[in-house]
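Protein chains in written order, with my numbering: chain S, 356 to 534; chain Y, 356 to 534.
Presented below is the structure to which this report refers.
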DNA sequence: CGATAACATGCCACAGTGGACTGTCAAGAG
DNA sequence: CTCTTGACAGTCCACTGTGGCATGTTATCG
């Protein structure tokens, strides 16, 4: 059983949901460190239905097809969750581009870095708004994963700020310029 | 053209190489932020040969089949490199497990965190050894990507150290205990 | 009433992963 | 000097993951 399928099972513990609902929930709850696509969600749902881990209900309006966990599904989820989680995977195209920087025209890297910087500034702001809004209002688990996000974004921004000129750093930026 | 194929093209600029060589090079140079597998390397090489971006030489001992870039390949690489790199992707199973922490038995999270901590400590040590060993000895581009690695590992370790007890933090750890 | 946007699923080609399998050569143990 | 072992080199396959296209449905608003 793969992690994506297991996550869907996990979300279904909170009650029946359709593929569409699950995509939305996953996007919201684990989307910042686990990606999934509509295609795969429907594929996994169908597979898990065959395996007896979930059961499809009757189709509602707009072809809504609700799924609910079975007892076997709960068991499978618990077994999956209890396993040691594997190592993280990072794929950062910007670092690829940078690694081949010697083949790149002047100024290109700076432009790329600047564009990425904007993205990360926005993400950090979103995370911090979330944290402020929620306060102590949500569980420690969600708080911990959010904290990871905040630290990650700050780290990336910090890295940008300390980049040498030749590799796309913005010359002459002193300290404390975080937007 | 996908990033993995483009990277192979990039490495081939330094001279002909076999699929095996390319895997080793990639592992070394971009392996810390871009993953690839033998299977895919051979697949891309074959595809690029059909597209005329690389040319296969005669097979040597042990079926070694060297490839070299063509003019079209250099052009394609330059065009790829000049494009804006996409956003990074992070998939961190430990965060998934943590997000579902409420369904997990007591102590499990701490064990998982401890195991991951060891991995990151080791990686940080490796990076810093690399940096010390190389000194100013390698180009700014490799230095910048390595710096990203160092900052990332430090960030993760820091996050571990500030984790609350309920989410797998080690109780009573004060400040500055980094191995 | 009609346009538009959000809802909901299915399908497909391609990209990426990991393990199993086959065979080749070099080097050291016995 | 042979024989075992391990590094080298490539192939194949099933599964996982991505992104776009296609198709149809319902709500909303001017």
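Beta carbons are placed, not taken as given, at the ideal position from N, Cα and C, and that holds for glycine.
Coarse secondary structure for residue i, derived from DSSP in three states
i, result
"residue 444 of chain S", "strand"
"residue 519 of chain Y", "coil"
"residue 414 of chain Y", "coil"
"residue 360 of chain S", "helix"
"residue 365 of chain S", "helix"
"residue 472 of chain S", "helix"
"residue 424 of chain Y", "strand"
"residue 505 of chain Y", "helix"
"residue 396 of chain Y", "helix"
"residue 378 of chain Y", "helix"
"residue 487 of chain S", "helix"
"residue 525 of chain S", "coil"
"residue 372 of chain S", "strand"
Reference residue i; option with closest CA among the options
i, options, result
"residue 461 of chain S", "S:491, S:523, S:476", "S:523"
"residue 387 of chain S", "S:502, S:373, S:492", "S:502"
"residue 441 of chain Y", "S:363, S:470, S:419", "S:470"
"residue 418 of chain S", "S:516, S:374, S:447", "S:374"
"residue 449 of chain Y", "S:435, S:520, S:416", "S:435"
"residue 457 of chain Y", "S:489, S:365, S:370", "S:365"
"residue 390 of chain Y", "S:482, S:443, S:477", "S:443"
"residue 384 of chain Y", "S:404, S:431, S:453", "S:453"
"residue 360 of chain S", "S:415, S:431, S:486", "S:431"
"residue 446 of chain Y", "S:504, S:509, S:519", "S:504"
"residue 478 of chain S", "S:525, S:379, S:507", "S:507"
"residue 376 of chain Y", "Y:358, Y:484, Y:397, Y:357", "Y:397"
"residue 356 of chain S", "S:380, S:486, S:402, S:372", "S:402"
"residue 509 of chain Y", "Y:500, Y:475, Y:520, Y:519", "Y:475"
"residue 426 of chain Y", "Y:439, Y:404, Y:500, Y:437", "Y:404"
"residue 467 of chain Y", "Y:378, Y:381, Y:428, Y:518", "Y:518"
"residue 428 of chain Y", "Y:437, Y:439, Y:406", "Y:406"
"residue 379 of chain S", "S:437, S:415, S:393, S:520", "S:393"
"residue 464 of chain S", "S:371, S:525, S:416, S:437", "S:525"
"residue 415 of chain S", "S:483, S:437, S:372, S:438", "S:372"
"residue 459 of chain S", "S:521, S:370, S:480", "S:521"
"residue 455 of chain S", "Y:370, Y:483, Y:500", "Y:500"
Chain-ordered neighbours of residue i on chain S, where CB pairs are closer than 9 Å
i, result
"residue 506 of chain Y", "510, 511, 513, 514, 517"
"residue 384 of chain Y", "454"
"residue 480 of chain Y", "The premise fails here: residue 480 of chain Y is roughly 16 Å from chain S at the closest Cβ pair, so nothing lies under 9 Å."
"residue 489 of chain Y", "Residues of chain S passing the Cβ test: none, with the nearest at roughly 15 Å."
"residue 389 of chain Y", "445, 446, 447, 448, 450, 451, 454"
"residue 381 of chain Y", "Here the premise fails: no neighbours, minimum Cβ distance about 10 Å."
Any non-hydrogen atom of the ligand ADP within 7 Å of residue i CB
i, result
"residue 457 of chain Y", "Looking for the ligand ADP in the displayed structure turns up nothing, as the structure carries no ligands at all."
Per-residue contacts from residue i into chain Y (C-beta, under 7 Å)
i, result
"residue 521 of chain S", "495"
"residue 422 of chain S", "Under the 7 Å cutoff, chain Y gives no residues; its nearest Cβ is about 18 Å from residue 422 of chain S."
"residue 492 of chain S", "Neighbours of residue 492 of chain S on chain Y: none; closest Cβ ~15 Å, over 7 Å."
"residue 474 of chain S", "442"
"residue 477 of chain S", "What residue 477 of chain S touches in chain Y: nothing, since even the nearest Cβ is about 11 Å away."
Chain-ordered neighbours of residue i on chain Y, where CB pairs are closer than 9 Å
i, result
"residue 461 of chain S", "The premise fails here: residue 461 of chain S is roughly 12 Å from chain Y at the closest Cβ pair, so nothing lies under 9 Å."
"residue 365 of chain S", "451, 454, 455, 458"
"residue 399 of chain S", "Ordered by position in chain Y, no residue passes the 9 Å Cβ test against residue 399 of chain S, which lies about 14 Å from the chain."
Closer than 8 Å at the beta carbon, the chain Y residues around residue i
i, result
"residue 395 of chain S", "The contacting residues do not exist; residue 395 of chain S stays about 13 Å from chain Y at best."
"residue 433 of chain S", "458"
"residue 465 of chain S", "Residues of chain Y passing the Cβ test: none, with the nearest at roughly 12 Å."
"residue 372 of chain S", "Those do not exist, as residue 372 of chain S stays about 16 Å from chain Y at its closest Cβ, beyond 8 Å."
Beta-carbon neighbours of residue i, restricted to chain S and to distances below 7 Å
i, result
"residue 456 of chain Y", "496"
"residue 502 of chain Y", "514"
"residue 441 of chain Y", "448"
"residue 436 of chain Y", "452, 455, 458, 459"
"residue 470 of chain Y", "439"
"residue 358 of chain Y", "448, 451"
Integer-rounded CB distance, given that residue j should sit under 8 Å from residue i
i, j, result
"residue 399 of chain S", "residue 367 of chain S", "Their Cβ separation, rounded to whole angstroms, is 11 Å, which puts residue 399 of chain S and residue 367 of chain S out of contact at 8 Å."
"residue 381 of chain Y", "residue 451 of chain S", "About 10 Å; that fails the 8 Å criterion."
Within chain S, the residues that residue i reaches when beta carbons sit closer than 8 Å
i, result
"residue 369 of chain Y", "Per Cβ cutoff of 8 Å: no residues; residue 369 of chain Y is ~11 Å from chain S at best."
"residue 427 of chain Y", "Chain S residues near residue 427 of chain Y: none, gap ~16 Å exceeds 8 Å."
Quiz item: Pairing CB atoms from the segment 469-483 of chain Y with CB atoms from the segment 486-503 of chain S, are three or more of them under 8 Å?
Solution: Not touching, per the Cβ criterion.
Quiz item: When the Cβ atoms of the segment 418-430 of chain S are set against those of the segment 403-410 of chain S, are three or more pairs found closer than 8 Å?
Solution: yes
Quiz item: Is there contact here, the segment 474-492 of chain S with the segment 504-517 of chain Y, by at least three beta-carbon pairs under 8 Å?
Solution: no
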